[in-house]
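Chemist: Residues in the sequence shown are numbered from 43 upward in steps of one, following this note's numbering.
Beta carbons are placed, not taken as given, at the ideal position from N, Cα and C, and that holds for glycine.
Could you have a look at this structure, given as structure tokens, before my questions?
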Amino acid sequence: MFIGRFLSVVVFVGVVVSAVFGLLIVKQKNQFKAEYARTSEELKKTSEQLEESKVLLERTSKHLEEVKAELAQERERAQKLDNDLKETQSQLADLQQKSESSSSMANQHKSELDALTAKLEEEKKANQEASEKIENLVKEKLALEDSIARLTNELNKFKQASPAVARAVSMRTGIHGKVVSVNRNWNFVVLNIGEKDGLVENGELEVFRNKQFLGKIKIVSTEPSTAVADIVMDSLKGNIQPGDDVLN
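Have a look at this one:
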């Protein structure tokens with residue numbers, strides 16, 4: 043009887059244990075199903091995310107290739123810009139060297155121009171002084187010609203009033219001089235020789251140009267270094283001019 047109870051207890055315990063294990067197994071099975079469903083859902087989401095990541099990766103890879111291509115272009119452009127910069131720097135150096143050379147030449151030319159300008163100013167000043175001297179000489183010459191004309195006129199009047207005074211005289215030979223000026227109105231000349239050269243009043247000289255006889259002149263008045271002579275009109279063979287030679 044004891045054994046029967048024991049067996050009953052054992053069976054009961056076994057049934058209880060089996061029931062408990064069954065419940066545990068069912069619970070665990072349900073947990074596994076829920077875990078599997080959750081895992082499947084997560085796996086599905088992960089797969090979808092993986093597909094999206096693949097698409098994003100493809101896009102990223104494509105964009106990366108585009109960026110690489112743009113980067114290569116930018117590098118090529120940067121290299122070209124660098125080459126252009128080097129060439130520009132070289133040209134700038136050449137231009138700077140040429141500019142320095144041009145500046146040096148310009149300074150040299152400026153110095154030469156300043157020197158020429160100073161020389162020109164000196165020559166202009168000298169020319170102005172020479173012009174003033176020439177003007178003064180011309181005035182003196184005109185005044186001298188007027189004075190000579192008056193003296194000659196008075197002398198002619200004196201000769202006409204006293205014909206005996208106009209006598210022929212002899213002069214030493216070898217006298218040589220030049221005609222300084224000619225007065226066409228009164229037909230007389232001024233000579234660059236005078237008393238100290240042997241000229242005397244009423245003495246006669248012949249006028250030549252390049253050894254060609256032009257006519258005779260007759261001394262009417264003398265100074266130490268100059269003289270005035272009338273042109274002997276009936277002896278003329280040519281037109282007497284300043285610079286012609288006179289001799290006897």
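#1: Terminal residues of the continuous beta strand (DSSP E) containing Asn225?
#2: If you measure between the beta carbons of Val232 and Ile190, is that distance less than 8 Å?
#3: Exposed or buried, Val262, counting other C-beta atoms within 10 Å across all chains shown (16 or more means buried)?
#4: Helix, strand or coil for Leu256? Go by DSSP, reduced to three states.
#5: Excluding the 5 residues preceding and the 5 following Leu256 in the sequence, name in chain order all residues of the same chain whose CB lies nearer than 6 Å to its CB.
#6: How should Leu247 be labelled, buried or exposed, when 16 other C-beta atoms within 10 angstroms of its C-beta is the threshold for buried?
#7: Just mark Lys258 as buried or exposed, buried being the case when its beta carbon has 16 or more other beta carbons within 10 Å.
#8: Which of helix, strand or coil does DSSP assign to Thr215?
#9: Output the distance between the C-alpha atoms of Met147 and Lys140, rounded to the nearest integer angstrom.
#10: Beta-carbon separation of Gly219 and Val288 under 8 Å?
#11: Suppose you measure from the CA of Gly216 to the CA of Asn252; what does that come to, to the nearest Å?
#12: Tell me the residue span of the beta strand (DSSP E) that contains Asp287.
#13: Just to confirm, are Arg230 and Val180 a CB contact at a threshold of 8 Å?
#14: For Arg214 and Gly240, which I take to be in contact (beta-carbon distance under 8 Å), what is that distance rounded to the nearest angstrom?
#15: Check Ser267 in the structure and name its three-state DSSP category.
#16: Between the alpha carbons of Ala135 and Glu129, how many angstroms are there, rounded?
#17: To the nearest angstrom, how far is it from the Cα of Leu184 to the Cα of Ser145?
#18: Determine, using beta carbons only, whether Glu243 and Thr268 come nearer to each other than 8 Å.
#19: Hey, could you find the ends of the beta strand (DSSP E) Leu233 is sitting in?
#20: Starting from the C-beta of Glu142, find all residues in its chain whose C-beta is less than 8 Å away, skip the five residues before and the five after it, and write them out in chain order.
Modeler: Checking against the coordinates, here is how it stands:
#1: That run of the beta strand (DSSP E) goes 218–225.
#2: Using a Cβ distance threshold of 8 Å, Val232 and Ile190 count as a contacting pair.
#3: Result: buried.
#4: In this structure, Leu256 counts as strand in the three-state DSSP scheme.
#5: So the list reads Val249, Lys279, Gly280, Ile282, once near-sequence residues are dropped.
#6: Burial call: buried.
#7: Lys258 comes out buried.
#8: Thr215 falls in the coil class under three-state DSSP.
#9: So the two alpha carbons sit approximately 10 Å from each other.
#10: Val288 sits close to Gly219, with the two beta carbons spaced by under 8 Å.
#11: Approximately 18 Å, taken between the alpha carbons.
#12: For Asp287, the enclosing beta strand (DSSP E) has its first and last residue at 287–289.
#13: It should be pointed out that residue 230 corresponds to Phe in this sequence rather than to Arg. The beta carbons of Phe230 and Val180 sit no closer together than 8 Å.
#14: Correct: roughly 5 Å between the Cβ atoms.
#15: In this structure, Ser267 counts as coil in the three-state DSSP scheme.
#16: Whole-angstrom Cα-Cα distance: 10 Å.
#17: About 56 Å.
#18: No, the Cβ-Cβ distance between Glu243 and Thr268 is not below 8 Å.
#19: Leu233: member of the beta strand (DSSP E) spanning 230–233, first to last residue.
#20: A distance below 8 Å between beta-carbons, with the five flanking residues on each side excluded, links Glu142 to no residue of its chain.
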